[in-house]
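One structure is given here, and the rest of the page talks about it.
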Ligand code: SF4
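In our numbering, the protein residues as written are 83 to 447.
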């Protein structure tokens, strides 16, 4: 069954590394935004019932308990097999968790990012390791045992040794799922832009080099494996049975519908995305216009490889596809970046580190 993504792009602060369209906006905009969001959900031609839902952002955990329940009630299919809510550490209490559960939430993704206070402060994050520990205890106490902790490798001032400290905390908290993202440097975040401009604000001068970031990532792969969390996607690690069913749909090119600002959708071979800015999203709703733009035909032949190879399960290639990609497949196998077994192509451990190079070839063979 398809999945549903709901976007709530409102945050308590704008993190320096964040390259999403989310941020701090007036309360009045968030109220109008929720009305527009519910309208978009109600107006959707529901000829299927979702079995997974992801409420992301932004920081949906900032929503008041009754508001979140009301929003989730607008989506058909409750109880969903998996319904994830993204939360910022320190932004929720027992009453909110109870409301999430009543609303159908059974999985929480917590943006820990780091357990080292100095690293967190430089990004604009206000929580501490103790905040995350208390949040995990609260979730478990209320019965949400399926939760994820996010980590970032490459923060200003971070070193392989300080990254180990964060991994030590992960080992202590023993979550069933961890995501490890390498810092993305692009002009859509304040930190990324500063790095590209060779500036020093936001700790841009203290961002670790590529080798150190790779070392952190490789350490995480080994450490998490030792904790029973296998890598099932380049950035995602889970104990058996705790892989994110919703996110797997993106990588397996299964259909999903996104609602809200900057939400993406894939259905019937067509991809589209909504306008990025929450104020433009609200404006379109007021004017009675669709928030969708950028409709394109999905190119499954290419996407099967450059999206599917992100998964450790790999991609089962047909004879025609093997023929079409014969040269790059042979070259990457020869270079030790791809392996071919039982009809399935997978990135090797080294291939994961050079994955962008591999993906590029499948987009422009
Ligand atoms: S990183 Fe998360 S919490 Fe920070 S601004 Fe971006 S969406 Fe908001």
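Where is the CB? At the ideal position from N, CA and C, for every residue including glycine.
Practice prompt. Taking only the alpha-carbon atoms, compute the straight-line gap between residue 290 and residue 199 and give it to the nearest angstrom.
Written response: Here residue 290 refers to the residue found at position 208 when the chain shown is read from its first residue. Here residue 199 refers to the residue found at position 117 when the chain shown is read from its first residue. Rounded to whole angstroms, residue 290 to residue 199 spans 17 Å at the Cα level.
Looking at chain C, is there any beta carbon in it that lies within less than 8 Å of the beta carbon of residue 316? Among the protein chains of the structure shown there is no chain C, as only one such chain exists.
| task | May I have the straight-line CA-CA distance separating residue 381 from residue 350, to the nearest angstrom? | result | The residue you call residue 381 lines up with position 299 of the chain shown. The residue you call residue 350 lines up with position 268 of the chain shown. Each residue's Cα considered, the two are about 12 Å apart.
(message) In the DSSP output, what is residue 230 paired with across the bridge?
(response) As a position in the chain shown, residue 230 is number 148, starting the count at 1. According to DSSP, which records beta bridges pairwise, residue 230 is partnered with 191, 259.
Count the other CB atoms within 10 Å of the CB of residue 106; is the residue buried (16 or more) or exposed (fewer)? Taking the chain shown and counting its residues from 1, one reaches residue 106 at position 24. Residue 106 is exposed by the Cβ-count criterion.
* Give the straight-line distance between the Cα atoms of residue 331 and residue 84, rounded to the nearest whole angstrom. => Locating residue 331 in the chain shown gives position 249, where the first residue counts as 1. Locating residue 84 in the chain shown gives position 2, where the first residue counts as 1. Cα to Cα, the separation comes out at about 8 Å.
* residue 438 in three-state terms, based on DSSP -> Locating residue 438 in the chain shown gives position 356, counting from the first residue. Reduced to three states, the DSSP call for residue 438 is helix.
Neighbourhood of residue 412 by C-beta distance below 6 Å, restricted to the same chain and skipping five residues each side:
Stepping through the chain shown from its first residue, residue 412 is reached at position 330. The beta carbon of residue 412 sits closer than 6 Å to no other beta carbon from its chain once the five residues preceding and following it are set aside.
For residue 359, which of helix, strand or coil comes out of DSSP?
By 1-based counting over the chain shown, the position of residue 359 is 277. Of the three classes helix, strand and coil, the one that applies to residue 359 here is coil, per DSSP.
_Reduced DSSP category for residue 283 - H, G, I as helix; E, B as strand; rest coil_ = Here the question's residue 283 lines up with position 201 in the chain shown. Note: residue 283 maps to helix in three-state DSSP.
Does ligand 1 have a heavy atom nearer than 7 Å to the CB of residue 100?
-> Numbered from 1 along the chain shown, position 18 holds the residue referred to as residue 100. Yes, Cβ of residue 100 sits closer than 7 Å to a heavy atom of ligand 1.
Contacting residues, own chain, Cβ-Cβ under 7 Å from residue 277 (five flanking each side not counted): Within the chain shown, the letter at position 195 stands for residue 277. Answer for residue 277: 267, 286, 289, listed in chain order.
- Task: Answer yes or no: do residue 112 and residue 343 have a C-beta to C-beta separation smaller than 8 Å?
- Result: Here residue 112 corresponds to residue number 30 of the chain shown, with the count starting at 1. Here residue 343 corresponds to residue number 261 of the chain shown, with the count starting at 1. No, the pair does not count as a contact, with Cβ atoms beyond the cut-off.
Exercise. Which value, in whole angstroms, describes the spacing of the CA atoms of residue 302 and residue 194?
Worked result: The sequence position of residue 302 within the chain shown is 220, counting from 1. The sequence position of residue 194 within the chain shown is 112, counting from 1. Going by the C-alpha atoms only, they are around 15 Å apart.
Q. Roughly how many angstroms lie between the CA atoms of residue 173 and residue 405, to the nearest whole one?
A. Counted from its first residue, the chain shown places residue 173 at position 91. Counted from its first residue, the chain shown places residue 405 at position 323. In a straight line, the C-alpha of residue 173 is about 52 Å away from that of residue 405.
Give the C-beta separation of residue 399 and residue 427 to the nearest angstrom, bearing in mind that I take them to be a contact with Cβ-Cβ under 8 Å. Mapped onto the chain shown, residue 399 falls at position 317. Mapped onto the chain shown, residue 427 falls at position 345. Yes, they are in contact, since the Cβ atoms of residue 399 and residue 427 sit about 6 Å apart, within 8 Å.
Worksheet item: Using a Cβ-Cβ cut-off of 8 Å (strictly less than) and excluding sequence neighbours within five positions of residue 214, which residues of its own chain qualify?
Response: Reading the chain shown from its first residue, position 132 is the one you call residue 214. The residues are 171, 192, 194, 197, 231, 251, 255.
- Message: Less than 8 Å between the C-beta atoms of residue 141 and residue 186, yes or no?
- Response: In the chain shown, residue 141 corresponds to position 59, counting from 1. In the chain shown, residue 186 corresponds to position 104, counting from 1. For residue 141 and residue 186, no; Cβs fall outside 8 Å.
- Message: Which residue marks the beginning of the alpha helix (DSSP H) containing residue 396, and which one marks its end?
- Response: For this step, residue 396 is matched to residue 314 along the chain shown. Note, residue 396: premise wrong, no alpha helix (DSSP H); not H, not E.
Query raised in the report: In three-state DSSP terms, what is residue 336?
Result: Locating residue 336 in the chain shown gives position 254, counting from the first residue. Residue 336: coil per DSSP, three-state reduction.
Worksheet entry | Contact set for residue 319: own chain, Cβ-Cβ below 6 Å, skip 5 residues either direction | The residue you call residue 319 lines up with position 237 of the chain shown. Excluding sequence neighbours, residue 319 sits near 260, 306, 311, 313.
Exercise for review: Please determine, among 154, 97, 101, the residue with the shortest C-alpha to C-alpha distance to residue 117.
Suggested key: Working through the chain shown from its first residue, we reach residue 117 at position 35. Taking residue 117 as reference, the option from 154, 97, 101 with the minimal CA-CA separation is 154.
Original post:
Where residue 125 and residue 419 are concerned, what is the direct C-alpha to C-alpha distance, given to the nearest angstrom?
Top reply: Taking the chain shown and counting its residues from 1, the one referred to as residue 125 is at position 43. Taking the chain shown and counting its residues from 1, the one referred to as residue 419 is at position 337. Going by the C-alpha atoms only, they are around 46 Å apart.
* Using the Cα positions of residue 103 and residue 265, report the straight-line distance between them to the nearest angstrom. => For the purposes of this step, residue 103 is taken as the residue at position 21 of the chain shown. For the purposes of this step, residue 265 is taken as the residue at position 183 of the chain shown. Rounded to whole angstroms, residue 103 to residue 265 spans 17 Å at the Cα level.
query = What first and last residue would you give for the beta strand (DSSP E) that runs through residue 421?
reply = If you number the chain shown from 1, residue 421 lands on position 339. Unbroken beta strand (DSSP E) run through residue 421: 420-423.
Helix, strand or coil at residue 376 [DSSP, three-state]: Taking the first residue of the chain shown as position 1, residue 376 is located at position 294. In this structure, residue 376 counts as strand in the three-state DSSP scheme.
* Under a three-way DSSP split, which group does residue 162 fall into? -> Along the chain shown, read from residue 1 onward, the residue named residue 162 stands at position 80. Correct three-state label for residue 162: coil.
Compute the minimum distance between the beta carbon of residue 241 and the heavy atoms of ligand 2, and state whether it is under 7 Å. This structure simply doesn't include ligand 2; it includes ligand 1 instead.
From 396, 378, 338, 401, residue whose alpha carbon lies closest to that of residue 386: Counting from 1 along the chain shown, the entry for residue 386 is found at position 304. Closest by alpha carbon: 396.
**Request:** Using a threshold of 8 Å, state whether the C-beta atoms of residue 434 and residue 388 are closer than that.
**Result:** As a first step, residue 434 is located in the chain shown; it is residue number 352 there, counting from the start. As a first step, residue 388 is located in the chain shown; it is residue number 306 there, counting from the start. The answer is no: Cβ separation not under 8 Å.
Between residue 128 and residue 272, what straight-line distance do the alpha-carbon atoms span, to the nearest angstrom? Translated into the one-based positions of the chain shown, residue 128 becomes position 46. Translated into the one-based positions of the chain shown, residue 272 becomes position 190. Taking the straight line joining both Cα atoms gives about 39 Å.
Select from 120, 274, 189 the residue whose C-alpha is nearest the C-alpha of residue 97. Stepping through the chain shown from its first residue, residue 97 is reached at position 15. The candidate whose alpha carbon is nearest that of residue 97 is 274.
task: Run the CB neighbour count on residue 328, radius 10 Å, all protein chains shown included, and call it buried at 16 or more, exposed below.
output: Translated into positions along the chain shown, residue 328 becomes position 246. So residue 328 counts as buried.
Just mark residue 204 as buried or exposed, buried being the case when its beta carbon has 16 or more other beta carbons within 10 Å.
Along the chain shown, one-based indexing puts residue 204 at 122. Classification for residue 204: buried.
query: Do you know offhand how far residue 297's Cα is from residue 324's?
result: Walking along the chain shown from the start, residue 297 turns up at place 215. Walking along the chain shown from the start, residue 324 turns up at place 242. Roughly 26 Å between the two C-alpha positions.
Exercise for review: May I ask whether a heavy atom of ligand 1 can be found less than 7 Å away from the beta carbon of residue 194?
Suggested key: Within the chain shown, numbered from 1, the residue matching residue 194 stands at position 112. Because no heavy atom of ligand 1 lies under 7 Å away, the Cβ of residue 194 does not count as near it: no.
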